[in-house]
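Colleague: Got a structure for you, questions after.
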Amino acid sequence: MEIKNVSFSYGDEPVLDNVSLSLTNGRRVAVMGESGRGKTTLLRLILGFIEPDSGEIVREDGEKPAVVFQEDRLLPWFTALKNVEAASEGGCSPAAILSDMELSDSMDKLPKELSGGMQRRVAIARALAFGGSPLLLDEPFKGLDPEMRERIAERILGYAGDGPILLITHDEREAELLKCDEIIRL
Numbered sequence: 536m537e538i539k540n541v542s543f544s545y546g547d548e549p550v551l552d553n554v555s556l557s558l559t560n561g562r563r564v565a566v567m568g569e570s571g572r573g574k575t576t577l578l579r580l581i582l583g584f585i586e587p588d589s590g591e592i593v594r595e596d597g598e599k600p601a602v603v604f605q606e607d608r609l610l611p612w613f614t615a616l617k618n619v620e621a622a623s624e625g626g627c628s629p630a631a632i633l634s635d636m637e638l639s640d641s642m643d644k645l646p647k648e649l650s651g652g653m654q655r656r657v658a659i660a661r662a663l664a665f666g667g668s669p670l671l672l673d674e675p676f677k678g679l680d681p682e683m684r685e686r687i688a689e690r691i692l693g694y695a696g697d698g699p700i701l702l703i704t705h706d707e708r709e710a711e712l713l714k715c716d717e718i719i720r721l
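Going by my numbering, the letters in the sequence shown line up with residues 536 to 721, in that order.
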């Protein structure tokens, strides 16, 4: 995927101006900036939820991004395991992914029975079970303590393999944890 000279405005308010980045195999890109600088807008553009004012987003044929949104977006009537199974495209076992997210004892719980950090890990597991590429992560470590962030980042890298990752964050340490080779500041 290539983002080429993309600009976007909300009405008369410019949010992104000539942003370019490449999400090819092996690339780990972090997009950083203060709140309101267009980080999540960039994600929405990449996903095709909105169209750029100018520039282009070139997607590979058959490209299916896996996404961890800023909000967990779990189905409240599904257990943790069912939430992950609902997105699974085959490949890795949803139960194994939840176990890797340190949620073995919580697979049969509904989201309302999980802490915020546990819900976050279910959302990450769901994206990993989907198995798409690139892996798009919008504030993925929100609600996780520093030690848990390190362990989960290691597991994300393991599942992603050499697939591209786009990380949206305020925290430079998170870019280090995911071994980002480029940081774009908005």
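Glycine included, every Cβ here is placed at the ideal spot set by N, Cα and C.
State the DSSP-derived secondary structure class of residue 560, mapped to helix, strand or coil.
Modeller: coil
Colleague: Select from 617, 671, 705 and 679 the residue whose C-alpha is nearest the C-alpha of residue 692.
Modeller: 671
Colleague: May I have the straight-line CA-CA distance separating residue 544 from residue 673, to the nearest angstrom?
Modeller: Going from the Cα of residue 544 to the Cα of residue 673 covers about 20 Å.
Colleague: Unbroken alpha helix (DSSP H) runs of length 4 or more, entirely within the segment 636-708: which are they?
Modeller: As far as the segment 636-708 is concerned, its whole alpha helix (DSSP H) runs of at least 4 residues are 651-665 and 681-695.
Colleague: Can you give the beta carbon distance from residue 666 to residue 627, rounded, assuming they're within the 8 Å contact cut?
Modeller: The Cβ separation is near 7 Å, so the contact holds.
Colleague: Between the C-alpha atoms of residue 678 and residue 655, what's the straight-line distance to the nearest angstrom?
Modeller: 7 Å
Colleague: Compare the beta carbon distance of residue 623 and residue 664 with 8 Å and say whether it is the shorter of the two.
Modeller: yes
Colleague: Between which residues of its own chain and residue 644 is the CB-CB distance below 7 Å, once the five residues before and five after are set aside?
Modeller: Spatial neighbours of residue 644 in its own chain (CB-CB distance under 7 Å, excluding positions within 5 residues in sequence) are listed in chain order as 614 and 615.
Colleague: Between residue 580 and residue 699, how many whole angstroms is the CB-CB distance? I'm expecting something under 8 Å.
Modeller: Not really, about 16 Å apart at Cβ, beyond 8 Å.
Colleague: Between the Cα of residue 612 and those of 647, 603, 641 and 604, spot the shortest distance and give me the residue it belongs to.
Modeller: 647
Colleague: Grouping DSSP H, G and I as helix and E and B as strand, with all else coil, what is residue 539?
Modeller: Looking at residue 539 - three-state DSSP - the assignment turns out to be strand.
Colleague: Which runs of the beta strand (DSSP E) fall wholly inside the segment 544-620 and span at least 3 residues, in chain order?
Modeller: 548-557, 563-567, 589-593 and 601-603
Colleague: By the DSSP assignment, the beta strand (DSSP E) with residue 717 in it spans what residues?
Modeller: 717-720
Colleague: Considering only the beta carbon of each residue, do residue 567 and residue 704 sit closer than 8 Å?
Modeller: yes
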